[in-house]
Amino acid sequence: EHLLPHLFTAEMSVFFERLWAEKGVAIIKGHEVARFEGMVGNVTTAVLEDGQELACDICVVGIGSVPNAELLREAGVKVDGRGAVLVDEELRTSARDVWAVGDVVAFPAKGRGGEQRQQEHVTHARASGAFAAKAMADGAGSVGDAAQSAQSGEVYTYLPMFYSRVDAWGLSWRFFGEAVGEVKVVGDVQSGTFSAFWIQGSALIGALHCTLGASDAGEGGFAVLRRIVESKAELSAAALAAFSLCPSLEEVEALLAK
């Protein structure tokens, strides 16, 4: 299995794994940590389930989280199977005059036909908080108040995005949209400067842009990338075939504008 299979293709993962290896980072895949060992409150060893021992003096553990939604369930607020608070397109919960925002909510995702989705990202936390604050200040009703709900013209729209950067290496990548469907790659992945586009049917629904060694971390390219995904372009057969011939994001954007 390759790294981040929900986002990267196998070819992209090969590039990132090689880059990290060149920087002295060992990536061990397909194993779990069975326990930590140490003395006097200090960790000294991480022991894998196969008995392999890794010497260490600090550990960063990323294992995800599960919401504690019992209080909400007991109060009658609707949550999904993972414990995420279900909200409508105005971020209102099933409880009258109660809004929910941030990582804990599952909201109707426009790019996925209204499917309830969670977005565990700081940009969503900020945007949803600002949206809900305005909605409350405007005096909108609860999700159960059909009359007031119909009067409120604004709905929460959020373009999913993820990013990572290592400034010391000049490495930066950013992703917008949804990573489902066929992947079209523009550029040389192994060079570290490339773009990838996810196409479902004839619709472009996701895009990633990576730069390596760029002094500006590719900010201009990221702006173009966002515009490309927000355009929700429907692609002709000719446009799909021409993707691999476009050497830059600007040319991809021009192609989609035709």
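Mapping to this note's numbering: the sequence shown position 136 is 982, numbers consecutive. Even glycine gets a Cβ: it sits at the ideal position worked out from N, Cα and C. Bear in mind the structure is a predicted one, so any value in this text is a computation, not a measurement.
- Every unbroken stretch of the beta strand (DSSP E) spanning 3 or more residues and falling wholly within the stretch 871-911 is given here in chain order: 879-885, 888-894, 899-901.
- For Arg972, the enclosing alpha helix (DSSP H) begins and ends at 968-983.
- Cβ contact annotation for Leu1101 (same chain, cutoff 7 Å, sequence separation greater than five): Ala1085, Ala1088, Cys1092, in chain order.
- DSSP places Arg942 in the coil class of the three-state scheme, outside both helix and strand.
- Under the Cβ criterion (8 Å, minimum of three pairs), the stretch 1066-1082 counts as touching the stretch 1038-1052.
- Following the DSSP letters along the chain, one finds Glu1028 inside the beta strand (DSSP E) bounded by residues 1028-1034.
- The C-alpha of Leu849 is placed about 10 Å away from the C-alpha of Ile874.
- Across the structure, Ser911 and Thr855 are spaced so that their CA atoms are roughly 25 Å apart.
- In this structure, Ile1051 sits near Gly1023, with a CB-CB distance shorter than 7 Å.
- Looking at the DSSP output, Arg1011 sits in a beta bridge with Ser1018.
- Under the three-state reduction of DSSP, Glu935 is assigned to coil, being neither helix nor strand.
- Cα atoms of Tyr1004 and Leu937: separation of roughly 12 Å, rounded to the nearest angstrom.
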